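One structure is given here, and the rest of the page talks about it.
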Amino acid sequence: MFSSIRWRIAVPYVLLILVTMLGLGLYLSNFVRQTYLDNIEYQLLTEARLVGNVLAADLPADPSSTELDAAAKHWAAILEARVTIIATDGVVLGESEEDRTKMDNHRTRPEVSQALTAGQGSSIRFSNTVHYSMMYAAVAVKPEAAVLGVVRLSLPLKTIDTNIRHLQQVIFGATILLTLLAIILATLVAGRTTRPLSNLTTAARSLAAGELTSAPLNASRDEVGQLTSAFNSMAVQLRQQIAALESERGKLSAVLQTMTDGVLIVDHEGRIQLFNPAAARLFGASQEDVIGDSLVMALRSHQLLELWQSCQKSGTAQQAAFELSKRLFVQGTAIPLGQALPGSILILLQDMTRQRQIESMRRDFISNVSHELRTPLAALKAITETLQDGGLEDPPAARHFLERMETEVDSLSLMVNELLELSRIESGRVPLELKTTHPAEILNPAFERLRLQAERAGLSLSMDCPENLPTVLADAGRVQQVVTNLLHNAIKFTPAGGSVTAGALEQAGQMCFFVRDTGIGISAEDLPRIFERFYKVDRARASSGTGLGLAIARHLVEAHGGRVWVESELDKGSTFYFTIPLA
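Residues in the sequence shown are numbered consecutively from 903, following the numbering used here.
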């Protein structure tokens, strides 16, 4: 109970009132009783003097006389008190209530003894005659110098005790009433005093639980009100700071979630504290499984571990490039976080796979262009030197060499034209004249153009294009160029006796064109690069062609908003597909 400040205020207050009232009641009870007794004593002494003065003429008297008994009873009736008249030797001469002849000698009674010696006396004691406590007041009767006797008045204390008990009951009742009022008042005061503290406690708990939208508390002008005002100011500042932190946290989270680079934070023990989605994609691991785990156990990359160890040992930024898998190459940068997070290291992982592929493609492109140009240039150089060395003097040979020169020049011209065409297509400088066209109007010209070539190669050429197909929105000439290119390659790489089929079908809201052959097929290793510039399946590059046809076809299809792909297996033929949007 005393753990609550409310009761620590109320209980001492109530106890103080209770103890004070009880003490005051006891004091007042004793004080009133004593005052009452003193008043009774004074009254009895005064009345005893009055009786003594009246009876002085009858003293001393004969002990056998009954006159004093009658006088005692007379005065007892008037004064409403017991009256006893005693001789100087202690013999009772008159008694208002008892038979005096049977009463003991009263010479040794305290009040009688005091009256004989000091003129008056009083005492409170149990009376053996009437068998209850009495107050006695005795006065010596001495009209002159000699003491003639003693007049004693007495009253029973039960009347006094009854009055005292009544007074005590009144005081006790008042004490109980005041105590109850004190309890109620103390509870109200303590409750009113502690209610703001309870509200502050509730508000502080709500604030600690993250409930930042609660209204400010009402503040009074006392010390608790000052505390409430300070708390309201603190809550406002805390809300502002938390809102700012939440905003910054949201920005940081948005940056980390959308970054294409992997981000890790590793503590001094090598445990991962931060792992963004880009890093999860790089390592193929989920954030929930990695956070809190050891770097080496969670990601199992010794290059990454070495990068972290190197940064931790040197205390400076470190960089390293390494492969995470056969097809994934990353650039890692480890940076110590210093005072921000002592002992922790930030690791940035940039996916360089595409850049590496582009660099490889650039090298292959330069190598392929050089190789494609070197062959006709070397042939031209040899023919020129042969003619200079006397070939002109032999007209038939000279004519043959000139024909060869014309062939090589045509090959160079074709290559340059295709490169220029590819460059214009890639840069978007080739405008497309989009018109509503039936797929047959695209397939028929290319089919008829290459029919004779297929027959000379001993191949079966067919077309699969239903008449009920919907129209497409395309530049018919450019799409015919794509089909022609695909048919030409299919005829070139299909042995005699095989078949080539060109056709179209509606698929997923688009028109899907295809060229299928039963030729030599393409290996799985070459499939991803088949549409690159100058890429040839023939490693020796002995086959004719520039290697630009499929690259041009891909760019033309993509310019129409479609896509191109191939399905093939070695010695089982190939099927090239591309899509064109419907009209």
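From the three backbone atoms N, C-alpha and C, an ideal C-beta is built for every residue, glycine too.
For clarity, every value in this text was computed on a predicted model and none was experimentally measured.
Handout entry: DSSP three-state assignment for residue 1193, whether helix, strand or coil
Key = Here residue 1193 is taken as the residue at index 291 of the sequence shown, counted from 1. Look at residue 1193 here: in three-state DSSP terms it is coil, with no helix or strand label.
Problem - Cross-strand partners of residue 1469 (DSSP beta bridge) - result: As a working mapping, residue 1469 is identified with position 567 in the sequence shown. DSSP lists 1477 as partners of residue 1469.
Handout entry: Counterpart residues of residue 1024 in DSSP-defined beta bridges
Key = As a position in the sequence shown, residue 1024 is number 122, starting the count at 1. Under DSSP, residue 1024 forms a beta bridge with 1039.
Practice task
With DSSP collapsed to three states, give me the class of residue 987.
Solution key: Position 85 of the sequence shown, counted from the first residue, corresponds to residue 987. Strand.
Exercise for the section: Mind reading off the beta-carbon distance from residue 1423 to residue 1476? Whole number of angstroms is fine, and I expect it under 8 Å. Expected result: In the sequence shown, residue 1423 corresponds to position 521, counting from 1. In the sequence shown, residue 1476 corresponds to position 574, counting from 1. Right, the Cβ-Cβ distance comes to about 6 Å (below 8 Å), so this counts as a contact.
Practice task
Taking 8 Å as the cut-off, decide whether the C-beta atoms of residue 1197 and residue 1185 are in contact.
Solution key: For this step, residue 1197 is matched to residue 295 along the sequence shown. For this step, residue 1185 is matched to residue 283 along the sequence shown. Here residue 1197 is not near residue 1185, since their CB atoms are 8 Å or more apart.
Exercise for the section: State buried or exposed for residue 1311, treating a residue as buried only when at least 16 other CB atoms are found within 10 Å of its CB. Expected result: For the purposes of this step, residue 1311 is identified with residue 409 of the sequence shown, where counting begins at 1. Exposed, since its Cβ has fewer than 16 Cβ neighbours within 10 Å.
Practice task
Answer yes or no: do residue 1366 and residue 1421 have a C-beta to C-beta separation smaller than 8 Å?
Solution key: In the sequence shown, residue 1366 corresponds to position 464, counting from 1. In the sequence shown, residue 1421 corresponds to position 519, counting from 1. Taking 8 Å as the Cβ cut-off, residue 1366 and residue 1421 do not qualify as a contacting pair.
Handout entry: Reference residue 1434, options 1418, 1451, 1419, 1345, closest by Cα
Key = In the sequence shown, residue 1434 corresponds to position 532, counting from 1. Comparing alpha-carbon positions, the option among 1418, 1451, 1419, 1345 lying closest to residue 1434 turns out to be 1451.
Problem - Contact under 8 Å by Cβ, residue 1041 with residue 961 - result: Locating residue 1041 in the sequence shown gives position 139, counting from the first residue. Locating residue 961 in the sequence shown gives position 59, counting from the first residue. No. Outside cutoff.
Problem - Assigned secondary structure, residue 857 (DSSP; H/G/I helix, E/B strand, else coil) - result: For residue 857 there is no data in the structure shown, the boundaries of the chain being 903 and 1485.
Exercise for the section: Note down the Cα distance separating residue 1299 from residue 1315, rounded to an integer number of angstroms. Expected result: Residue numbering aside, residue 1299 sits at position 397 when the sequence shown is read from its first letter. Residue numbering aside, residue 1315 sits at position 413 when the sequence shown is read from its first letter. The alpha-carbon of residue 1299 is positioned some 24 Å away from that of residue 1315.
Problem - Best match in 1409, 1407, 1412, 1466 for proximity to residue 1388 [C-alpha to C-alpha] - result: The residue given as residue 1388 occupies position 486 in the sequence shown. Considering only alpha carbons, the answer is 1466.
Problem - Sequence-distant residues of its chain with Cβ nearer than 8 Å to residue 1230 (five each side left out) - result: As a first step, residue 1230 is located in the sequence shown; it is residue number 328 there, counting from the start. Once the five neighbours on either side are set aside, the close Cβ partners of residue 1230 are 1184, 1253, 1255.
Exercise for the section: Please classify residue 1051: does DSSP put it in a helix, a strand, or coil? Expected result: Against the sequence shown, residue 1051 aligns to sequence position 149. DSSP places residue 1051 in strand when its eight states are reduced to three.
Practice task
Locate the beta strand (DSSP E) running through residue 1230, then write down its first and last residues.
Solution key: Start at 1 with the first residue of the sequence shown, and residue 1230 comes out as number 328. Per DSSP, residue 1230 belongs to the beta strand (DSSP E) from 1230-1238.
Problem - Beta-ladder partner(s) of residue 1412, from DSSP - result: The residue you call residue 1412 lines up with position 510 of the sequence shown. 1409, 1483.
Practice task
Would you list the one or two residues that DSSP bridges to residue 1419?
Solution key: Within the sequence shown, residue 1419 is the residue found at index 517, counting from 1. In the DSSP secondary-structure assignment, residue 1419 is bridged to 1402.
Exercise for the section: Please list, in chain order, all residues of the same chain as residue 1418 whose beta carbon is under 6 Å from its beta carbon, the five residues on each side excluded. Expected result: In the sequence shown, the residue the question calls residue 1418 occupies position 516. For residue 1418, where only same-chain residues beyond five positions count, the Cβ hits under 6 Å are 1403, 1477.
Practice task
Please confirm whether residue 1209 and residue 1223 have their CB atoms less than 8 Å apart.
Solution key: Indexing the sequence shown from 1 puts residue 1209 at position 307. Indexing the sequence shown from 1 puts residue 1223 at position 321. Between residue 1209 and residue 1223, the C-beta gap is not smaller than 8 Å, which leaves the two residues out of contact.
Practice task
Label residue 1028 either buried or exposed according to how many other C-beta atoms from any shown protein chain fall within 10 Å of its C-beta, with 16 as the threshold for buried.
Solution key: In the sequence shown, the residue the question calls residue 1028 occupies position 126. Its Cβ having fewer than 16 others within 10 Å, residue 1028 is exposed.
Exercise for the section: Evaluate residue 1013 with the Cβ neighbour count: other Cβ atoms within 10 Å of its Cβ, from every protein chain shown; 16 or more gives buried, anything less gives exposed. Expected result: Counting from 1 along the sequence shown, the entry for residue 1013 is found at position 111. Buried, since its Cβ has 16 or more Cβ neighbours within 10 Å.
Exercise for the section: Determine the contact status of residue 934 and residue 1069, defining contact as a CB-CB distance below 8 Å. Expected result: If you number the sequence shown from 1, residue 934 lands on position 32. If you number the sequence shown from 1, residue 1069 lands on position 167. At a Cβ-Cβ threshold of 8 Å, residue 934 and residue 1069 count as neighbours.
Exercise for the section: Assuming residue 1359 contacts residue 1385 (C-beta within less than 8 Å), just tell me the rounded distance between them. Expected result: If you number the sequence shown from 1, residue 1359 lands on position 457. If you number the sequence shown from 1, residue 1385 lands on position 483. Your pair residue 1359 and residue 1385 does not check out as a contact, with CB atoms roughly 18 Å apart and the cut at 8 Å.
Problem - Bridge partners - residue 1247, DSSP secondary structure assignment - result: Your numbering for residue 1247 matches position 345 in the sequence shown. Residue 1247 pairs with 1168, 1238.
Practice task
Indicate whether residue 1174 and residue 1192 have their beta-carbon atoms separated by less than 8 Å.
Solution key: Taking the first residue of the sequence shown as 1, we reach residue 1174 at position 272. Taking the first residue of the sequence shown as 1, we reach residue 1192 at position 290. In contact: residue 1174 and residue 1192 (Cβ atoms closer than 8 Å).
Problem - Identity of the residues DSSP links to residue 1085 by a beta bridge - result: Along the sequence shown, one-based indexing puts residue 1085 at 183. Beta-bridge pairing links residue 1085 to no other residue.
Exercise for the section: Could you spell out where the beta strand (DSSP E) holding residue 1174 opens and where it closes? Expected result: By 1-based counting over the sequence shown, the position of residue 1174 is 272. From DSSP, the beta strand (DSSP E) with residue 1174 extends over 1174-1177.
Practice task
Measure the alpha-carbon distance for residue 1005 versus residue 994 and round it to whole angstroms.
Solution key: Within the sequence shown, numbered from 1, the residue matching residue 1005 stands at position 103. Within the sequence shown, numbered from 1, the residue matching residue 994 stands at position 92. Roughly 7 Å separates the two Cα atoms.
Practice task
Consult DSSP for residue 1307 and reduce its assignment to one of helix, strand or coil.
Solution key: Residue numbering aside, residue 1307 sits at position 405 when the sequence shown is read from its first letter. Three-state DSSP puts residue 1307 in a helix.
Handout entry: Closest by C-alpha distance to residue 1425, when choosing among 1378, 1094, 996, 1468
Key = Within the sequence shown, numbered from 1, the residue matching residue 1425 stands at position 523. Here the closest residue by C-alpha is 1468.
Handout entry: Which of helix, strand or coil DSSP assigns to residue 954
Key = The sequence position of residue 954 within the sequence shown is 52, counting from 1. Helix, per DSSP.
Practice task
Count the other CB atoms, across all protein chains shown, that sit within 10 Å of the CB of residue 1396; report buried if there are 16 or more and exposed otherwise.
Solution key: The sequence position of residue 1396 within the sequence shown is 494, counting from 1. Buried, by the Cβ-count rule.
Problem - Residues sharing a beta bridge with residue 1223, DSSP - result: Within the sequence shown, the letter at position 321 stands for residue 1223. Checking the DSSP bridge columns, you'll see residue 1223 partnered with 1233.
Problem - Helix, strand or coil at residue 1337 [DSSP, three-state] - result: For the purposes of this step, residue 1337 is taken as the residue at position 435 of the sequence shown. Reduced to three states, the DSSP call for residue 1337 is strand.
Problem - Residue environment, residue 1352, which counts as buried when at least 16 other CB atoms sit within 10 Å - result: Numbered from 1 along the sequence shown, position 450 holds the residue referred to as residue 1352. Buried.
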